[in-house]
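Counting in my numbering, the sequence shown tops out at residue 374, every number present. We put the beta carbon where it would ideally sit given N, CA and C, even for glycine. Right, one structure below, let's go through it.
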Amino acid sequence: MKLSKMIGIYIGGFIILGICILASLAWGSRYIGFDEVISALTQSDNMSLNALVVRERIPRTVFALIAGASLGISGLLMQSITRNPIADPSILGVNTGASLFVVVGITFFNLSTASGYIWFALIGAALTSFCVYGIASIGPGGITPIKLALAGASISAILSSLVSLIILPRADVMDAYRFWQVGSLSGATWEGIKSVLPFIIVGLIISVIFMHALNALALGDEVATGLGVNTGLVRIMCAIAGVILCGATTAIAGPIGFIGLMIPHIVRLILGSDMKNLIPMSAIGGAILLMISDVLGRIIGSPSELEVGIITAFLGAPILIIIARKAKVKSI
């Protein structure tokens, strides 16, 4: 792809992202015009009601930016290391594993803050990933996309049952969990952002460090090994990065599905398969899609709102069907 075209795509992505940020700050139970949003952001002495509302929405918008980028990259990493076109934290059961451990933390350890949720979410996401890959590797033919998807669905069903078993007898826990489980950005705070940001930075750094190795891995294990790439190390480290990015986001927003499934495919259609472009554009695309979904949820559900997880599921389910119909089932 020509450099000028590549630059144009990046510029277009940043322009769309900027519009989405303004829309996220403008729409809610009270609509505020873009001119007033810009005034509130640029004039610190503006103490009007609209300006105060805009500033209250900033943490939600910032977290949507971070969470969307994290989920987009997490899905890209999972699809790359498994060579599975339908790999996604929600489909592979990673989100459900994080959810179960957060419920355990709420129920038995009285957790109530994002800083408390995050460790439980990360542990749950990691253990679930290990179980899914272990089950999918059993039997002849190695790990295949279908076996991964079936293992993820099976583990997810079991973990969902355990979640129900824990929360149904406890009305207080169920009340705390029911809004979190559908995936929502409404609970985003500066405290929560500060608690997950170090983990997300670590996940992003690992992704960037191994992006050239992922390009080699896409050529096949034998070719990558011939180029001096330790394929086992690459898969382990990128799996860790994917789990960190997904788990940290889930701790604050709950399980938001399909962002990690849709964005890598859309970005590949536009930019090709080079990881040095896929990683940053998956981050930009994930942030754009999550903010669009969040704004749509606020508009459709006005004067209340629909949780963003409902919107992403509505958008993502048809994409999953299309990908599953077109994907060729191959062993990894």
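Here DSSP, grouped into helix, strand and coil, assigns Asn92 to helix.
For Phe241, the enclosing alpha helix (DSSP H) begins and ends at Trp232 to Ile251. Taking a cut-off of 8 Å for Cβ pairs, the segment 91-100 and the segment 69-80 touch, as three or more such pairs fall below it. Using a Cβ distance threshold of 8 Å, Val271 and Ala255 count as a contacting pair. The segment 189-200 makes contact with the segment 172-180; the number of CB pairs closer than 8 Å reaches 3 or more.
Segment contact: the segment 231-243 against the segment 358-366, fewer than three CB-CB distances shorter than 8 Å; contact not assigned. Judged by DSSP in its simplified three-state form, Asn257 adopts helix. Secondary structure remark: continuous alpha helix (DSSP H) runs of at least 4 residues inside the segment 133-185, in chain order: 136-151 and 156-178. Only residues of its own chain outside the window of five on either side were considered, and among them Ala230, Thr231, Trp232 and Ile235 have a CB closer than 7 Å to the CB of Pro101, listed in chain order.
Of the candidates Ser71, Val215 and Ile115, the residue whose Cα lies closest to the Cα of Met304 is Ile115. Between Ala140 and Gly110, the CB-CB gap reaches or exceeds 8 Å.
Relative to Ile51, the option among Ser206, Gly314, Glu347 and Cys62 whose CA is nearest is Gly314. If you look at Val337, you'll find it in the alpha helix (DSSP H) that goes Met317 to Ile342. By the neighbour-count definition (other C-beta atoms within 10 Å, threshold 16), Glu98 is an exposed residue. Tyr219 and Ala129 have their alpha carbons spaced roughly 26 Å apart.
Cα atoms of Met253 and Ile282: separation of roughly 14 Å, rounded to the nearest angstrom. Contact between the segment 328-339 and the segment 59-71 is present: 3 or more CB-CB pairs across the two stretches fall below 8 Å. Ile242 and Arg212 have their C-alpha atoms spaced approximately 32 Å apart.
Looking at Val96, Ile123, Val104 and Ser86, the one whose alpha-carbon comes closest to that of Thr273 is Ile123. Distance between Tyr73 and Thr186, taken at the CA atoms: about 48 Å. Cβ atoms of Ala156 and Phe143 stay farther apart than 8 Å, at about 14 Å. Excluding the 5 residues flanking it on each side, Tyr159 has same chain C-beta neighbours closer than 7 Å at Val144, Gly147, Leu153 and Ala293, in chain order. In this structure, the CA atom of Gly75 is about 33 Å from the CA atom of Pro306.
In this structure Val174 is in contact with Gly135, their Cβ atoms being roughly 6 Å apart against a cut-off of 8 Å. Per DSSP, Ser81 is one residue of the alpha helix (DSSP H) stretching across Phe76 to Thr84. Cβ contact annotation for Val285 (same chain, cutoff 6 Å, sequence separation greater than five): Ala167, Ala168 and Ser171, in chain order.
A distance of 8 Å or more separates the beta carbons of Thr138 and Pro240. Here Asp214 carries a helix assignment [DSSP, helix/strand/coil].
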